[in-house]
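This report concerns only the one structure given below.
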Amino acid sequence: MDIDGYAATSPIAHIGSVGFCSDISDPTARHAATKDLYTRRIGLVKNAALSTDPVLCEYILKAVTEDLSFTYLKTKLGIPCGRSTYYKLYRKFFWLLNEIRD
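All residue numbers for the sequence shown refer to the numbering used here, where the first residue is 14 and numbers rise by one.
Written as structure tokens, this is what we have:
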């Protein structure tokens with residue numbers, strides 16, 4: 014157990030840590046490195062969505078970042094495709110993201 018009550022191997026124990034940035038003692042440099050890391054990760058997610066489908070990339074991004082269902086996308090946002098097409102592209106997005114990330 015760590016001082017905060019979580020086991021060191023718990024995923025919750027590492028929330029907020031950034032891996033390679035944790036050994037930087039300068040707070041400004043650590044902040045810059047963290048910001049750079051998250052900016053690159055956001056770029057990966059956006060690129061995966063755009064590579065999945067240029068027309069539906071905004072809907073896919075909203076769905077994965079805001080945890081929106083197809084029903085919400087269809088009724089409130091008017092996604093221009095059917096359920097089976099959407100879920101096919103949804104799975105493709107996560108496959109592409111995995112490929113880009115590796």
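Glycine included, each C-beta is placed from N, C-alpha and C at the ideal position.
None of the values given here were measured: they were computed from a predicted structure.
Subject >> Alpha carbon of arginine 114 to alpha carbon of tyrosine 72, nearest angstrom >> reply: Approximately 21 Å, taken between the alpha carbons.
Original post:
Rounded C-beta distance between leucine 81 and lysine 75? I'm assuming under 8 Å.
Top reply: Indeed they touch by this definition, with Cβ atoms about 6 Å apart.
**OP:** Could you check the C-alpha separation between isoleucine 92 and leucine 69 for me, to the nearest Å?
**Re:** Computed Cα separation, rounded: 8 Å.
Original post:
Can lysine 105 and threonine 78 be called in contact, C-beta distance under 7 Å?
Top reply: Against a cut-off of 7 Å, the Cβ pair of threonine 78 and lysine 105 comes out as no contact.
Original post:
In chain order, which continuous runs of the alpha helix (DSSP H) of length 4 or greater are located wholly inside the stretch 39-115?
Top reply: Restricted to the stretch 39-115, the alpha helix (DSSP H) segments that are unbroken, complete and at least 4 residues in length are 40-65, 70-79, 83-88, 96-114, listed in chain order.
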